[in-house]
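J.: Sending over a structure as structure tokens; questions will come in a sec.
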Amino acid sequence: MRRKGKGTELRDQTLKSNARKLAHKTFAKDCAAQGLEIDMSVISFDPITSAAIDASHLWTEAVLYPWDSIPDWKCKDPKGFDLAIWYAQKLCGLCYATPRRSTVCIKIILLQGHPDKTHPLRGSIAQMALLAAEFYARMLGCKEIEIQDPDPNVVSYYQELGFNFDETNRLVIYVDGQ
59 MRRKGKGTEL RDQTLKSNAR KLAHKTFAKD CAAQGLEIDM SVISFDPITS
109 AAIDASHLWT EAVLYPWDSI PDWKCKDPKG FDLAIWYAQK LCGLCYATPR
159 RSTVCIKIIL LQGHPDKTHP LRGSIAQMAL LAAEFYARML GCKEIEIQDP
209 DPNVVSYYQE LGFNFDETNR LVIYVDGQ
């Protein structure tokens, strides 16, 4: 178990930043390998800021998750992982995950893509968020990623991404190499 104290907050921020950078780089390689023509220079994996929260308020066609609560959650949960996925100036997705007090599991608490069916990253937001969460989980030494309270309408999509229900009925995926 890592100790708390001087430098812990900086270390946590560095791990989150590195996870976002690695996810961006890996997603770019995956797109190139699949022959997808996506301009990666306009895609960014950022922390959830007030600008991202404001942009999510424009998602009028969707049921909004409590994105306004993220700043408070980040203050109370230093290991909480927040991700805003942008395509140029368009917010395409948001994710919040946390290990809470676990050293084994990181839980994806909230995950939402822009409801516009024509946004440029449609169909990739969950994959992108999972990639970033997986890098962060590895850095923390977690062995699994869980979708907390999954929406029954998207369980099959999570299963396509590799998630399965375990013996305690949690929707999880195991982190490779852990």
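Numbering (this note's numbering), first residue to last: 59 to 236.
Each residue gets a CB set at the ideal place from its N, CA and C atoms; glycine is no exception.
(1) Identify, in the order they occur along the chain, each residue of the same chain with its Cβ nearer than 6 Å to the Cβ of V230, setting aside the five sequence neighbours on each side.
(2) Pull up the DSSP beta-bridge partners for A230, would you.
(3) Whole angstroms is fine: what's the gap from Y215's alpha carbon to D130's?
(4) If you compare alpha carbons, which of A86, Y145, I96 is closest to S102?
(5) Could you tell me the distance, in whole angstroms, from the CA atom of G220 to the CA atom of G171?
(6) Our contact map puts T84 next to L189 with C-beta atoms below 8 Å; I'd like the distance itself, whole angstroms only.
(7) What does a CB cutoff of less than 7 Å around I167 pick up in its chain, not counting 5 residues either side in sequence?
(8) Quick one: give me the first and last residue of the beta strand (DSSP E) that D140 is part of.
(9) Does DSSP put A155 in a helix, a strand or coil?
(10) Pull the bridge partners of C163 from the DSSP assignment, please.
(11) Any idea if N222 is buried or exposed, counting beta-carbon neighbours within 10 angstroms, 16 or more meaning buried?
(12) Quick one: is E192 buried, meaning 16 or more other Cβ sit within 10 Å of its Cβ, or exposed?
(13) Any idea what DSSP makes of I106, helix, strand or coil?
(14) Between which residues of its own chain and A113 is the CB-CB distance below 7 Å, once the five residues before and five after are set aside?
T.: Taking the geometry as given:
(1) If we look at V230 and ignore the five residues flanking it on each side, its Cβ neighbours are E202, E204, D224.
(2) Note on residue identity: the sequence assigns Val, not Ala, to residue 230. For V230, which the question treats as bridged, DSSP gives the partners E204, N222.
(3) Annotation: Y215 to D130 spans about 30 Å, alpha carbon to alpha carbon.
(4) Closest by C-alpha distance to S102, out of A86, Y145, I96, is Y145.
(5) Approximately 19 Å between the Cα atoms of the pair.
(6) So it is a contact: roughly 6 Å between Cβ atoms.
(7) Excluding sequence neighbours, I167 sits near Y154, A155, T156, Q206.
(8) Boundaries of the beta strand (DSSP E) harbouring D140: 139-145, taken from the DSSP string.
(9) The answer is strand: DSSP assigns A155 an E or B state.
(10) Answer by DSSP bridge pairing, in chain order: E202.
(11) Per the 10 Å Cβ criterion, exposed.
(12) Buried.
(13) In the three-state reduction of the DSSP assignment, I106 falls in the coil class, being assigned neither a helical nor a strand state.
(14) Cβ neighbours of A113 beyond the five flanking positions: L149.
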